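Taking it in order: structure first as structure tokens, then the write-up.
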Amino acid sequence: MSNKKELRIGLIGCGFMGRTHSNGYKRVNDFFPQLGYRPILKAACARSEEKVKAFAEQWGYESYETDWKALIARDDIDAVDICTPNDSHAEIAIAAAAAGKMILCEKPLARNMEESQQMLDAVEKAGVANTVWYNYRRLPAVTLAKQIIASGKLGKIFHYRANFLQDWTISADVPQGGTGTWRMDSAAAGSGVTGDLLAHCIDTAMWLNGAITDVSAMTETFVKERMHQLTGKVEKVGIDDACIFHCHFQNGSLGLFESTRYARGHKALYTFEINGEHASIRWDLHDLNRLEYFDHRDESIVRGWRSIHVTDGDQPYMDKWWVPGLGIGYEHSFIHQVADFLRSLETGEPCSPTFYDALQTQKVCEAVLESASSRSWKDTEVEWRELMPAL
0 MSNKKELRIG
10 LIGCGFMGRT
20 HSNGYKRVND
30 FFPQLGYRPI
40 LKAACARSEE
50 KVKAFAEQWG
60 YESYETDWKA
70 LIARDDIDAV
80 DICTPNDSHA
90 EIAIAAAAAG
100 KMILCEKPLA
110 RNMEESQQML
120 DAVEKAGVAN
130 TVWYNYRRLP
140 AVTLAKQIIA
150 SGKLGKIFHY
160 RANFLQDWTI
170 SADVPQGGTG
180 TWRMDSAAAG
190 SGVTGDLLAH
200 CIDTAMWLNG
210 AITDVSAMTE
220 TFVKERMHQL
230 TGKVEKVGID
240 DACIFHCHFQ
250 NGSLGLFEST
260 RYARGHKALY
270 TFEINGEHAS
280 IRWDLHDLNR
290 LEYFDHRDES
300 IVRGWRSIHV
310 TDGDQPYMDK
320 WWVPGLGIGY
330 EHSFIHQVAD
340 FLRSLETGEP
350 CSPTFYDALQ
360 TQKVCEAVLE
370 SASSRSWKDT
380 EVEWRELMPA
390 L
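In numbering that gives the first Met the number 0, the protein residues as written are 0 to 390.
Written as structure tokens, this is what we have:
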């Protein structure tokens, strides 16, 4: 019999993210056996009984609910995992906190600053453990980039640039609203690529390079009207299809960010590059087990970009997986976040990014949208706290 403490999970939302999170819970103890907690898939929740029943059976949840309020009210749920569209994050999180439940929430934290602040206030008042699923931090190559920067190898940072490119909304026939395309509906999503894709870039950037202090942005909505799946009517599109912004970081470096869903040929191209006085690093999600590194201090005859294959046991997280040379994938970032969250319950330290951290990312997103609307520079008022996930 296992002597691990049980963490009974109630998952709300059974779509794409519900699958990634469930996989993380199911696999974490297989590869992180030293953890003192064991996730128990207690209940899954979705509005469609047919869908949630099938999901619960497939992923091994003991039961299911069709009303998230009923799930939160259950005494056999310790932690609530929110995998719903953005418009329900705040209501669910606030209720879960009031019920004393731990909360793991999908990104972005909410649709706007007002909702995000209410969520933070709720978890701080209740004193419940919380984290937000900005999973790209937990890819070993990205965490290694963090360690390299923290070591001082890059020296003073001058530039940070990132992009996140997709192409799935180019056709005007893609609808807005409803299952599958709620990200196209501003009422459900809050924003378009800014909250969906750039939020990832911003979280990673501030984790690696510190606070973003001010921004200047432009956005564009290329298809102005789309059919709404819920109303059946052609309605105005309120989201941003593309966004570009530049910014200042607190450390004096400059940032350049771009995101669009109109980059034909790109399904999920996420890259970043950081240039320092001594060295540079860059990373590409399409080759996620590699980190590229250039050091000007190398002997001139061999100086050049080197490709670091992040699969050795002394690199972040990799001692838990296979032998050197064998890579891991996207899904492992969620397993790593589950592991870090479980470890945080043992140590009592926060599991970053917390709701507080995600609120800072929301501040940047909101400043970006305000800047684009007003065509002016906007201060972010970010208060960034340095938190490194345990490894």
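C-beta atoms are modelled at their ideal positions from N, C-alpha and C, and glycine is treated no differently. What you are looking at is a predicted structure, and each value in this text was computed from that prediction instead of being measured.
Measure the Cβ-Cβ separation of T65 and C44 and say whether it is below 8 angstroms. It is a contact, given that the beta carbons lie within the stated cut-off.
Does the structure place the stretch 142-149 close enough to the stretch 219-227 that three or more beta carbon pairs sit under 8 angstroms? Under the 8 angstroms Cβ criterion, the stretch 219-227 does not count as touching the stretch 142-149, having fewer than three qualifying pairs.
Quick one: residues in its chain with C-beta nearer than 8 angstroms to the C-beta of M387, no 5 flanking neighbours on either side, listed in chain order? With a pLDDT of only 49 at M387, under 50, the local geometry of the prediction cannot be trusted, and the value read off the model is given with reservation. Excluding positions up to five away in sequence, the list reads K145, A149, S351.
Specify the secondary structure class of K106 as computed by DSSP and reduced to three states. Coil at K106, not helix or strand.
Just to confirm, is the Cβ distance from Y36 to K52 under 8 angstroms? No. Outside cutoff.
Cβ shell of E330 (< 8 angstroms), same chain only, five flanking positions each side left out: Residues T19, N22, G23 of the same chain have their beta carbon placed closer than 8 angstroms to that of E330, with the five preceding and five following residues left out of the count.
Quick check on I169: does DSSP put it in helix, strand or coil? Three-state DSSP puts I169 in coil, outside helix and strand.
On a Cα-Cα basis, can you pick out the residue from G99, W320, R305 that is closest to D311? When C-alpha distances from D311 are compared across G99, W320, R305, the shortest belongs to W320.
Could you tell me which uninterrupted beta strand (DSSP E) segments, each at least 3 residues in length, are contained entirely in the stretch 80-135, listed from first to last along the chain? Segments of the beta strand (DSSP E) lying fully in the stretch 80-135: 101-104, 129-131.
8 angstroms Cβ cutoff met for N274 and F157: Yes, the pair counts as a contact, with Cβ atoms nearer than the cut-off.
Three or more C-beta pairs closer than 8 angstroms, one from the stretch 84-104 and one from the stretch 162-171: is that the case here? The stretch 84-104, when compared against the stretch 162-171, does not touch it at the 8 angstroms Cβ threshold.
Using a Cβ distance threshold of 8 angstroms, determine whether the stretch 243-261 contacts the stretch 201-208, with at least three qualifying pairs required. Yes: the two stretches touch, three or more of their Cβ pairs being nearer than 8 angstroms.
In chain order, what residues of the same chain have a beta carbon less than 8 angstroms from the beta carbon of L34, not counting five sequence neighbours either side? So the list reads K3, V27, N28, A338, L341, R342, E345, once near-sequence residues are dropped.
Can you look up N2 in the DSSP assignment and give me helix, strand or coil? The three-state reading of DSSP puts N2 in coil, since its state is none of H, G, I, E or B.
Within the same chain, show all residues whose beta-carbon is closer than 6 angstroms to that of T218, passing over the 5 residues directly before and after it, in chain order. Correct list, in chain order: D239, C242, A371.
When you compare the CB positions of R289 and I307, do they come within less than 8 angstroms of one another, or not? Taking 8 angstroms as the cut-off, the beta carbon of R289 is found closer than this to the beta carbon of I307.
Report the CB separation of I93 from M112 in whole angstroms; it is logged as a contact under 8 angstroms. Between I93 and M112 a beta carbon distance of about 15 angstroms is seen, past the 8 angstroms cut, so the two are scored as non-contacting.
Q359 and E382 look like a contact to me (Cβ under 8 angstroms); what is the Cβ gap, rounded to whole Å? Going by Cβ atoms, the distance from Q359 to E382 rounds to 6 angstroms, so yes, they are a contact pair.
A42 - partner residues in DSSP beta bridges: Looking at the DSSP assignment, A42 forms a beta bridge with G9, S62.
Alpha-carbon spacing of R46 relative to P323, whole angstroms: If I take the Cα positions, the gap works out to 44 angstroms.
Helix, strand or coil for C350 per DSSP? Residue state, collapsed to three classes: coil.
Provide the residue(s) that pair with Y316 in DSSP beta bridges, ordered along the chain. Answer by DSSP bridge pairing: none, since Y316 is not bridged.
When the Cα of N391 is compared with those of A72, V367, A198, which residue comes out closest? A query on residue 391 cannot be resolved here, the shown segment of the chain reaching from 0 to 390 and no further.
Under a three-way DSSP split, which group does E49 fall into? Here E49 carries a helix assignment [DSSP, helix/strand/coil].
Terminal residues of the alpha helix (DSSP H) in which M205 lies: Per DSSP, the unbroken alpha helix (DSSP H) holding M205 starts and ends at 198-208.
Alpha carbon to alpha carbon, how far is P32 from F293? Give it in angstroms, no decimals. F293 and P32: Cα-Cα distance of roughly 36 angstroms.
Using 8 angstroms for Cβ pairs, my map puts A278 next to H295. What's the rounded Cβ distance? About 7 angstroms separates the Cβ atoms of A278 and H295, confirming a contact at the 8 angstroms cut-off.
I want to check one thing, is the minimum distance from the CB of V337 to the heavy atoms of the ligand ZN below 7 angstroms? The model on display carries no ligand, and the ligand ZN is accordingly not part of it.
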